[in-house]
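Peer 1: Heads up, the sequence shown is in our numbering, so the first residue is 8 and it goes up one at a time.
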Amino acid sequence: MANKEKVLLAYSGGLDTSCILAWLIEQGHEVVCFLADVGQAEDFKEAERKALAVGAKKLVVEDLKRELSGRTDISLACKNWKNSRSRGGQAYSCGSARPVIARAMMRVAKQEGCTAAAPAKGNSPRSCTKIKRILIHRNTRNDQVRFELAFYAIQPSINVIAPWRLPEFYERFAGRNDLLDYAAKHNIPVTSTKAKPCLAHCSYEAGILEEADVSPPDDMWKLTDDPRTAPNTPEDVTIFFEKGLPVGVVLGSDPKAGNKITDSLELFTTLNELGRKHGIGRIDIVENRYIGLKSVS
Numbered sequence: 008m009a010n011k012e013k014v015l016l017a018y019s020g021g022l023d024t025s026c027i028l029a030w031l032i033e034q035g036h037e038v039v040c041f042l043a044d045v046g047q048a049e050d051f052k053e054a055e056r057k058a059l060a061v062g063a064k065k066l067v068v069e070d071l072k073r074e075l076s077g078r079t080d081i082s083l084a085c086k087n088w089k090n091s092r093s094r095g096g097q098a099y100s101c102g103s104a105r106p107v108i109a110r111a112m113m114r115v116a117k118q119e120g121c122t123a124a125a126p127a128k129g130n131s132p133r134s135c136t137k138i139k140r141i142l143i144h145r146n147t148r149n150d151q152v153r154f155e156l157a158f159y160a161i162q163p164s165i166n167v168i169a170p171w172r173l174p175e176f177y178e179r180f181a182g183r184n185d186l187l188d189y190a191a192k193h194n195i196p197v198t199s200t201k202a203k204p205c206l207a208h209c210s211y212e213a214g215i216l217e218e219a220d221v222s223p224p225d226d227m228w229k230l231t232d233d234p235r236t237a238p239n240t241p242e243d244v245t246i247f248f249e250k251g252l253p254v255g256v257v258l259g260s261d262p263k264a265g266n267k268i269t270d271s272l273e274l275f276t277t278l279n280e281l282g283r284k285h286g287i288g289r290i291d292i293v294e295n296r297y298i299g300l301k302s303v304s
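1) Just to confirm before moving on: does the CB-CB distance between THR277 and ILE287 stay below 7 Å?
2) Return yes when the Cβ of CYS26 is within less than 7 Å of the Cβ of LEU186, no when it is not.
3) Use the C-beta contact count for SER134: other C-beta atoms within 10 angstroms, 16 or more gives buried, fewer gives exposed.
4) When we look at the beta-carbon of ILE290 and count the other beta-carbons within 10 Å, is it buried (16 or more) or exposed?
5) Measure from the alpha carbon of ASP233 to the alpha carbon of each residue in LYS284, SER260, PRO253, ASP270, then state which is nearest.
6) Using three-state DSSP, classify CYS26 as helix, strand or coil.
7) Following the continuous beta strand (DSSP E) through GLY369, name the residue where it begins and the one where it ends.
8) Could you tell me if TYR189 is buried or exposed, where buried requires 16 or more neighbouring beta carbons within 10 angstroms of its beta carbon?
9) With distances taken from CA atoms, which of ASP225, ARG183, GLY62, ASP243 is nearest THR236?
10) For the putative contact between ARG105 and PHE176, defined by C-beta atoms under 8 Å, what is the C-beta separation to the nearest angstrom?
11) Using alpha carbons as the reference points, say which of ASP261, PHE275, ASP243 lies closest to PRO253.
12) Cα separation between ILE292 and GLY282?
13) What did DSSP end up calling LEU230 once you bin it into helix, strand or coil?
14) Keeping to the same chain, check which residues put their C-beta closer than 6 Å to that of ILE161; ignore five residues upstream and five downstream.
15) Got a sec, what are the start and stop residues for the alpha helix (DSSP H) ILE168 sits in?
16) Would you mind giving the Cβ-Cβ distance between GLU37 and LYS64, rounded to the nearest angstrom? I have them listed as a contact below 8 Å.
17) Work out the CA separation of GLY255 and ARG110 for me, nearest whole Å.
18) Using DSSP with H/G/I as helix, E/B as strand and the rest coil, what is VAL14?
19) Quick one, which of SER76, PHE51, PHE180 has its alpha-carbon nearest ASP23's?
20) Using the three-state DSSP reduction, which class does PHE158 fall into: helix, strand or coil?
21) Assign GLU53 to buried or exposed, taking buried as 16 or more other Cβ atoms, counted over all protein chains shown, within 10 Å of its Cβ.
22) At the 7 Å Cβ level, is GLU218 part of the contact set with chain C, yes or no?
23) With burial defined as no fewer than 16 other Cβ atoms inside 10 Å of the residue's Cβ, what is the status of ILE138: buried or exposed?
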């Protein structure tokens with residue numbers, strides 16, 4: 008990277024984005040981070056403290072829960088509610104936040120006077136002032152493709168910096184152990200197993216899940232209770248649809264007697280809590296990434 012620029016980094020606070028943040032600063036770039044609130048119940052103050060401690064100039068947090076749960080994106084809503092899956096079994100809801108984040112990053116880029124904006128992964132994008140590059144991370148992730156294409160569609164003049172495709176980066180960081188060593192050297196507190204939650208989906212990958220003979224640990228699950236300890240009695244729920252999209256929910260056996268929930272965000276969270284209570288929604292897959300590599304989720 009010859010030119011030293013102000014870089015907009017999609018930041019989650021996890022191992023990859025934390026190391027990439029430090030690495031970009033090490034290369035002489037000025038970095039502004041953007042983090043999307045898509046319902047992941049994250050400690051955003053802690054994320055800001057961590058980003059600034061590593062060296063970011065600023066962390067912008069955008070609340071996108073209502074936009075994610077709304078019906079402005081028909082394809083997104085249909086994918087979520089039909090519980091559709093890709094050919095490898097991965098729920099399409101895993102990437103459901105990406106177009107919402109992409110739009111938000113463009114809005115923030117304009118507000119901040121950015122000349123470019125860049126998301127790197129699902130949960131968190133960054134924003135910046137007068138940015139000229141986009142940072143995409145993770146060598147196997149579909150997100151690098153989702154975000155790159157989304158930004159080119161919205162702003163064709165944007166340049167993309169993809170560290171995992173740069174020899175000076177991937178030759179230095181051949182795997183997670185190298186990243187962990189780098190984080191330790193720079194006093195960056197990270198966890199080596201990553202969760203990717205949002206209102207519609209929460210997935211886990213890497214770490215112990217890469218061991219085929221090891222079951223996922225009980226304390227890993229955040230959005231669902233253990234089906235073995237879930238209630239053994241049914242619970243009635245009525246969902247109202249218009250043109251294939253959910254517009255209302257009533258809990259209880261009589262749909263006319265209960266209070267009808269029509270707010271899109273409350274509808275999402277109510278059904279999420281009902282599903283959690285009954286242990287609904289767990290899958291275990293080996294995903295075929297866009298570039299052909301595999302990952303366990």
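C-beta atoms are modelled at their ideal positions from N, C-alpha and C, and glycine is treated no differently.
Peer 2: Let's see:
1) Between THR277 and ILE287, the C-beta spacing is not below 7 Å.
2) Going by C-beta atoms, LEU186 is nearer than 7 Å to CYS26.
3) Note that SER134 scores a pLDDT of 31, beneath 50, so its modelled location is shaky and nothing firm can be said.
4) ILE290 comes out exposed.
5) Checking every option, the nearest Cα to that of ASP233 belongs to LYS284.
6) Of the three classes helix, strand and coil, the one that applies to CYS26 here is helix, per DSSP.
7) Shown here, the chain extends from 8 to 304; a query on residue 369 therefore has no answer.
8) By the 16-neighbour rule on beta-carbons within 10 angstroms, TYR189 is buried.
9) Nearest of ASP225, ARG183, GLY62, ASP243 to THR236, Cα basis: ASP225.
10) Rounded, the Cβ-Cβ distance is 23 Å, inconsistent with contact.
11) The residue with the shortest Cα to Cα distance from PRO253 is PHE275.
12) In this structure, the straight-line span from the alpha carbon of ILE292 to that of GLY282 is close to 20 Å.
13) LEU230 falls in the coil class under three-state DSSP.
14) A distance below 6 Å between beta-carbons, with the five flanking residues on each side excluded, links ILE161 to the following residues of its chain, in chain order: MET113.
15) DSSP places ILE168 in no alpha helix (DSSP H) but in the uninterrupted beta strand (DSSP E) bounded by 166-168.
16) The Cβ separation is near 6 Å, so the contact holds.
17) Going from the Cα of ARG110 to the Cα of GLY255 covers about 26 Å.
18) Residue state for VAL14 is assigned as strand, using DSSP reduced to three classes.
19) When only C-alpha atoms are compared, the closest one is PHE180.
20) If DSSP states are grouped into helix, strand and coil, PHE158 belongs with the helices.
21) When all chains shown are included, GLU53 counts as exposed.
22) Although the question refers to chain C, the structure presented lacks it and comprises just one protein chain.
23) Interpretation of ILE138 is limited by its pLDDT of 36, a score under 50 that renders its predicted location unreliable; no figure is taken from the coordinates.
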